[in-house]
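Chemist: I have a structure here, written as structure tokens, and I will follow up with some questions on it.
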Amino acid sequence: MSNLKDLYQKGLDLLKEKEETKLRIERAEADTCWLTPQIWKKMSRKEQVELVNSEIIKFPKEMEVRERLYRAVSTARFQWRYDRMAILERNAMLKRRELNESS
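Residue 191 is where the sequence shown ends in this note's numbering, and the numbering goes up by one at each step.
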């Protein structure tokens, strides 16, 4: 019975990871970062805490909530740049592959 619960939990974790990956790809395809200082300032403190605790922005496990709140925008921007670079490289690779196949 425990194995069944473990498999079910792993399945849920994989679905959550898939949704997070889709969201990161959608955001990386945008020209600007999804979280800016202006957006952050317009959010209520409750919304900020919910965003930080939602694991949308990846922080080290040992980082406290106060520090996460302080570093949220810069960390989101860093992750967006990293994801954006990966998307651009993937698109360039696909474009090169298309050109090689057509020639």
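The C-beta atom is built at its ideal place from N, Cα and C for all residues, glycine as well.
To the nearest angstrom, report how far apart S162 and M181 are at their CA atoms.
Modeler: Here residue 162 is taken as the residue at index 74 of the sequence shown, counted from 1. Here residue 181 is taken as the residue at index 93 of the sequence shown, counted from 1. Cα-Cα distance, rounded: 29 Å.
Chemist: Under 8 Å, do A164 and I145 count as touching if we go by C-beta distance?
Modeler: Walking along the sequence shown from the start, residue 164 turns up at place 76. Walking along the sequence shown from the start, residue 145 turns up at place 57. Their beta carbons are under 8 Å apart, which means A164 touches I145 by this criterion.
Chemist: Are at least three pairs of beta-carbons, each pair with one atom in the region 111-131 and one in the region 172-180, less than 8 Å apart?
Modeler: At 8 Å Cβ cutoff, the stretches touch.
Chemist: Quick one: Cα of R178 to Cα of Q126, how far?
Modeler: Taking the sequence shown and counting its residues from 1, the one referred to as residue 178 is at position 90. Taking the sequence shown and counting its residues from 1, the one referred to as residue 126 is at position 38. Distance between the alpha carbons of R178 and Q126: 30 Å.
Chemist: For A160 versus L123, is the C-beta spacing smaller than 8 Å?
Modeler: The count along the sequence shown starts at 1 and reaches residue 160 at position 72. The count along the sequence shown starts at 1 and reaches residue 123 at position 35. Yes, they are a contact pair.
Chemist: With 16 other CB atoms within 10 Å as the buried threshold, where does V140 fall?
Modeler: Position 52 of the sequence shown, counting from 1, holds the residue named residue 140. Buried.
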